[in-house]
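Have a look at the structure below, then the notes.
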Amino acid sequence: QIFILLVNLLIMATSGLNLTPSNSKDTLIQDGWFGENETLWPGQKFSIQVDEVLLNGRSEFQDILVFRSKTYGHVLVLDGVIQLTERDEFAYQEMITHLPLFAHPNPKKVLIIGGGDGGVLREVVKHPSVTTVHMCEIDRQVVEVGKKYFRETLSTAFDDPKVTLIFDDAAKYLLQESNLNQYDVIICDSSDPVGPAETLFQPQFFQSMYNALAPGGIVCTQGECQWLHLDLIANVLGYVRNIFPVVTYAYSTVPTYPSGQIGFVIASNDKSITPSEPTRAPLEEMNLRYYTSPIHRASFVLPAFASKKLNL
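Residue numbers (this note's numbering): 11 to 322.
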């Protein structure tokens with residue numbers, strides 16, 4: 011443990027990392043297996059076999075753990091919950107990004123909220139029409155962790171000239187008058203509705219995103235899991251429908267997320283927009299591994315129990 015602490019301190023001294031020590035790994039990793047903190051899904055937890063702990067510390071906002079796993083590559087954990095693994099992250103990053111960007115006929119200016127690991131940003135800059143990307147992340151340390159441990163896989167686009175990084179609370183950032191009617195697409199890559207992401211699931215935040223959209227704009231936010239959070243999703247869709255004229259829900263399959271599934275709340279300020287219908291096909295040079303036009307359409311087809319509950 012002393013050796014790992016010394017290595018972490020050396021890494022932080024030679025990069026932008028600035029974390030206080032944490033021993034969360036001692037609770038989360040037992041007998042060589044990481045077990046998730048299951049606060050939002052009691053009665054179940056996902057485990058991954060650990061090869062080596064790479065980093066464990068606390069930022070101003072949350073506990074951060076990075077480890078190399080036996081079978082899923084590097085893994086990022088925030089406050090005891092898996093945020094991504096290198097093996098399956100593309101199933102989430104591609105869908106939360108390309109569903110709204112391909113539904114929009116000509117996206118030029120994009121706002122990413124959260125997404126400090128860089129995965130959504132990696133996907134956004136693949137679109138030739140996009141000329142400006144603003145990324146608002148509350149925790150600078152997540153970005154620094156991404157640059158250090160996921161540089162070759164997720165955090166590949168931070169140096170793109172189209173990108174401006176903003177380290178701020180997105181709820182406050184959106185209230186700035188200069189952001190009114192600015193963005194063609196807003197992608198909210200938030201963690202679960204506890205801790206620093208709690209405000210990103212409130213009605214006021216969706217109203218702020220609505221106000222920040224240009225005409226014909228589309229919002230896509232992380233929308234939890236149908237198997238575990240259906241009441242929460244129904245509640246969110248209920249108040250989003252009071253703000254946006256077009257509101258729907260899609261999902262993707264990600265093995266290391268709770269119950270292997272995660273959804274997306276997608277809304278538009280334009281009644282003529284049909285989020286389930288892509289306006290163009292992906293380019294071959296995008297090198298996509300999950301998203302296709304048929305998958306785009308199919309992701310909006312919900313099982314009967316969810317469709318009934320969500321009125322979709």
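Cβ atoms here follow ideal geometry from the backbone N, Cα and C, with glycine treated the same way.
For M296 against K136, the beta-carbon gap comes to about 5 Å, under 8 Å, which counts as contact. For R68, the secondary structure class from DSSP, reduced to helix, strand or coil, is strand.
Counting the other Cβ atoms within 10 Å of the Cβ of K157 gives 16 or more, which makes it buried. By the criterion of a C-beta distance shorter than 7 Å, S165 is surrounded in its chain by D127, G128, G156 and K157, once the five residues flanking it on both sides are discounted. Secondary structure at P52: coil, using DSSP grouped into helix, strand and coil. Beyond the five residues adjoining it in sequence on each side, F310 comes within less than 7 Å, by CB distance, of T258, A260 and S286 in the same chain, given in chain order. In this chain, the alpha helix (DSSP H) harbouring Y249 covers L240 to V250. Within the same chain, L86, V87, D127 and S201 come within 8 Å of Q93 by CB-CB distance, once the 5 residues on both sides are set aside. Taking the C-beta atoms as reference points, G42 is found nearer than 7 Å to V60. Counting along the chain, the unbroken beta strand (DSSP E) around D194 starts and ends at Y193 to D199. Nearest Cα to I197 within the set A113, I253, E48 and D170: A113. Within its own chain, the residues whose Cβ lies closer than 7 Å to the Cβ of T263, once the five positions on either side in sequence are excluded, are A101, G270 and Q271, listed in chain order. Remark: fewer than three beta-carbon pairs, one from each stretch, lie closer than 8 Å, so the segment 228-238 and the segment 131-145 are not flagged as touching. Under the 10 Å beta carbon count, R132 is surrounded by 16 or more other beta carbons and is classified as buried. Contact check for G90 and T30: beta-carbon distance about 17 Å, past the 8 Å limit, so the pair fails to qualify. The segment 242-255 makes no contact with the segment 76-84; the number of CB pairs closer than 8 Å stays below 3. The residues V134, V140, V143 and V195, in chain order, have a CB closer than 6 Å to that of V120 in the same chain once the five nearest residues on each side in sequence are set aside.
Taken through DSSP and simplified to helix, strand or coil, P171 comes out as coil.
Per the DSSP secondary-structure output, D73 pairs in a beta bridge with R68. I228 is bridged by DSSP to V195 and S278. Residues of the same chain with a CB within less than 8 Å of the CB of S303, apart from the 5 flanking positions on each side, are F112, P288, A291 and P292 in chain order. Per DSSP, Y102 is one residue of the alpha helix (DSSP H) stretching across F100 to A113.
Linking T163 to E294 through their CA atoms gives a straight-line distance of about 19 Å.
Per DSSP, the unbroken beta strand (DSSP E) holding K119 starts and ends at K119 to G124.
For the 7 Å CB-CB criterion, P268 and C235 form a contact. Beta-bridge partners of Y267 (DSSP): none assigned. When F215, F168 and K172 are compared, the shortest CA-CA separation from Q186 is found for F215. With a cutoff of 7 Å on beta-carbon distance, A222 and Y193 are scored as near each other.
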